[in-house]
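Trainee: For the sequence shown, counting from 1, position 297 maps to 310 in our numbering; every step adds exactly one. Note that beta-carbon positions come from the ideal geometry of N, C-alpha and C, so glycine has one too. Sharing a structure here in structure tokens format.
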Amino acid sequence: MAKKKEKSGSKRKRRKKANSKPKKASRKNVKSLKKKNPAVKNSGKLSKSPFVKKDRDNVQTDSPILMQSPRGMHDILPGEQAYWNQIRRSLDHAFLEYGFQRIDTSILEYTDLFVRSIGKGTDIIDKEMYSFVTKGRDKVSLRPEFTASIARAYIQHGMNVLPKPIKLFSTGTVYRYDRPQEGRYREHRQANFDILGEQDPVLDAQLIQLASRVIEGLGIKNIQFQINSIGCSKCREEYLELLKSYFESKKRKLCHNCKKRLETNPLRILDCKEDKCVQVSAGAPQSIDHLCDECRSHFKYLLEYLDELEVPYMINPRLVRGLNYYTKTVFEIWSSEEGRKHSLGGGGRYDKLIETLGGESTPAIGFALGLDRLVMEMKKTKVKLYKEMKPKVFLAQLGELAKKKSLRLFSDLEKSGILTAESFGRGSLRSQLRTANRLGVEIALIIGQKEALDETVIVKNMSSGAQETVTREKLVNLIKKNLKNNNVVSVKPKKTR
Ligand code: HAM
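Here it is, written out as structure tokens:
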């Protein structure tokens, strides 16, 4: 009993503590937070209302909350959305025009799916996954890319019975726990295109053309496709042996990471950016010299198709990509701008992935564009942005009844396709019209007490100042007529009787 009393007493104390006035974030607290997390130094602001409480999962919640997105992640603010709208528009056109269907998969998958698909020995699996165990003891990870999820969905939903090829498009955030720097984030956005069920190199070429169309559609010029073929499981094995013995003989000259890669993934040494490894790689055997007949012919046809399409490309024998599921064609899209080079997108064939995951043998090819990098490139190259649709009509109101009527009228205008601005929260007509002026609308609609009772609206031409009163029934047609002709409403005020 005594124990019970003590328990409920401490509960009461905790509740009291939690409800007590929030403490201000002390200078000392802020200092120690900054020390712990250097990212706070520049922009971190601390909430003034920390809770003094430990929650059920024993998470310490008595320290000030850091008002900052997690490291390597960023918000896309309204001011940036013009770039993203341009990307969304370009993607929406492209995926429909090229016959893709959209698929949305979960952001979370069983960790094994990624390990099996992307493969051990890759940076993504060895270092970059956001993995955790759920309360139900499932090992899951945030998706570091889309392809594994697409392959899983293909098998799970029996898509193998659908007419081939199956073209799937997805877009969303992906997560890689890498060291953040310019153009490299822990959360970034990708647009992903995959074609499943056909092995003809013509699809490789068409996909590359699609990537080029999307990027050029954004106004980004001077891109270049880096292309290589890394062969199939037959010819790759022999090539890997050669490569391994070459790097073994130069082991002393390799960086620390590449010495490890020699055991886990020798192909990735070709991709290392360390100067000494670049020098060693320059003399390494090249995969295109060791392709089997089928892979050689596939690559030859691909290049011919690209020539036909006049897509600029460069054969890059050191391009191997950072995911293990690729076979035959691999490619990356580089900007030809000076300075630090980031790939804007990349992809390749993965003819064995679905089989590896337990599905029936299904050749496939795909690529993903890094959307945050595309935005960076659009800014850097100062691309011209589409003009956003701007409202040409402003709805102003005066008085409580007028506000009610305006709310309804706003919805009617929206249903009729007339983009209308308003500022319902403001009471003064003068300040509403000032907003209308600032927005540069052509027509202001005004509803006062009288108009609200009469079911009429005053239509004001913002450039001439002329105004007339019209009934609600006639209003939509009148606005449409005048906006369609790109005229502003210019009607002489009716004579009063
Ligand atoms: P990936 O090359 O790993 O390929 O990523 C695609 C693109 O995402 C990159 O070219 C780059 O633009 C962007 N990207 C990658 N990591 C980051 C990062 N940390 N921060 C910002 N942007 C980044 C794949 O993910 C494959 N799943 C592509 C694919 C689809 N292959 C076949 N189908």
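(1) If you draw a straight line from the alpha carbon of residue 411 to that of residue 401, how long is it in whole angstroms?
(2) Are residue 361 and residue 206 close, meaning C-beta to C-beta below 8 Å?
(3) In this structure, how does DSSP classify residue 135 when only helix, strand and coil are distinguished?
(4) Comparing alpha-carbon positions, which option in 425, 456, 97 and 194 lies nearest residue 405?
(5) Name the two residues that bound the continuous beta strand (DSSP E) containing residue 202.
(6) If you run the structure through DSSP and keep just helix, strand and coil, what is residue 112?
(7) Would you check whether ligand 1 has a heavy atom nearer than 7 Å to the C-beta of residue 205?
(8) So, is residue 282 buried or exposed, given that buried needs 16 or more other C-beta atoms within 10 angstroms?
(9) Suppose the cutoff is 8 Å on Cβ atoms and the five residues either side in sequence are ignored; what does the same chain contact list for residue 462 look like?
(10) Determine the burial state of residue 122: buried for a count of at least 16 other Cβ atoms within 10 Å of its Cβ, exposed for fewer.
(11) With a threshold of 7 Å, establish whether the CB of residue 381 neighbours any heavy atom of ligand 1.
(12) Out of 338, 445 and 355, point me to the one whose CA is closest to residue 164's CA.
(13) Are the stretch 241-258 and the stretch 287-301 touching by the rule of at least three beta carbon pairs closer than 8 Å?
(14) Which value, in whole angstroms, describes the spacing of the CA atoms of residue 426 and residue 90?
(15) Which partner residues of residue 184 appear in the DSSP bridge assignment?
(16) Work out the CA separation of residue 285 and residue 268 for me, nearest whole Å.
(17) Check whether the Cβ of residue 167 sits closer than 7 Å to any heavy atom of ligand 1, and report yes or no.
(18) Over the uninterrupted beta strand (DSSP E) stretch that includes residue 481, give me the two end residues.
(19) Taking 7 Å as the cut-off, is the beta-carbon of residue 336 closer than that to any non-hydrogen atom of ligand 1?
(20) Report back the beta-carbon spacing between residue 144 and residue 130 to the nearest angstrom; my notes put them in contact at under 8 Å.
(21) Which stretch, first to last residue, makes up the alpha helix (DSSP H) that contains residue 226?
(22) With a CB to CB cut of under 6 Å and the five nearest residues on each side skipped, what residues in its chain are close to residue 132?
(23) For residue 391, count neighbouring Cβ atoms within 10 angstroms of its own Cβ and tell me buried if that reaches 16, exposed if not.
(24) Where residue 493 and residue 432 are concerned, what is the direct C-alpha to C-alpha distance, given to the nearest angstrom?
(25) Taking the beta strand (DSSP E) that residue 366 belongs to, which residues open and close that run?
(26) May I have a chain-ordered list of the alpha helix (DSSP H) segments no shorter than 4 residues that lie completely inside the stretch 429-483?
(27) Shortest alpha-carbon distance to residue 111 belongs to which of 147, 151 and 227?
(28) Considering only C-alpha positions, which residue in the set 424, 475 and 335 is nearest to residue 135?
(29) Does residue 174 pass the burial test, meaning 16 or more other C-beta atoms within 10 Å, or should it be called exposed?
(30) Should residue 191 be listed as close to ligand 1, given that the test is whether its C-beta is under 7 Å from any heavy atom?
(31) Checking 8 Å against the spacing of the C-beta atoms, do residue 279 and residue 257 come in under that value?
(32) Here's a check: name, in chain order, each residue in its chain whose Cβ is nearer than 8 Å to the Cβ of residue 434, leaving out the five neighbours to either side.
(33) According to DSSP, is residue 327 helix, strand or coil?
(34) What do you reckon, is the C-beta of residue 440 under 7 Å from a heavy atom of ligand 1?
(35) Would you please state the rounded distance, in angstroms, between the beta carbons of residue 348 and residue 357? I believe it to be under 8 Å.
(36) Please return the same chain residues whose Cβ sits closer than 8 Å to the Cβ of residue 151, not counting the five positions on each side in sequence.
Mentor: Looking at the atomic coordinates:
(1) 30 Å
(2) no
(3) coil
(4) 456
(5) 200-209
(6) coil
(7) yes
(8) buried
(9) 411, 412, 414 and 415
(10) buried
(11) yes
(12) Nearest to residue 164 by alpha-carbon distance, out of 338, 445 and 355, is 338.
(13) Contact between the stretch 241-258 and the stretch 287-301 is present, because at least three Cβ pairs lie under 8 Å.
(14) Rounded to whole angstroms, residue 426 and residue 90 show a C-alpha spacing of 28 Å.
(15) 204
(16) 9 Å
(17) no
(18) 480-484
(19) Under cutoff, so the answer is yes.
(20) That belief does not hold up - the Cβ atoms of residue 144 and residue 130 are roughly 14 Å apart, past 8 Å.
(21) 214-230
(22) 337
(23) buried
(24) 11 Å
(25) Segment 366-369 is the alpha helix (DSSP H) holding residue 366; no beta strand (DSSP E) there.
(26) 442-452 and 462-467
(27) 227
(28) 335
(29) Under this definition residue 174 is an exposed residue.
(30) yes
(31) Closer than 8 Å, so yes.
(32) 404, 406, 407, 408, 448, 449, 452 and 454
(33) The answer is strand: DSSP assigns residue 327 an E or B state.
(34) Not under cutoff, so the answer is no.
(35) 6 Å
(36) 123
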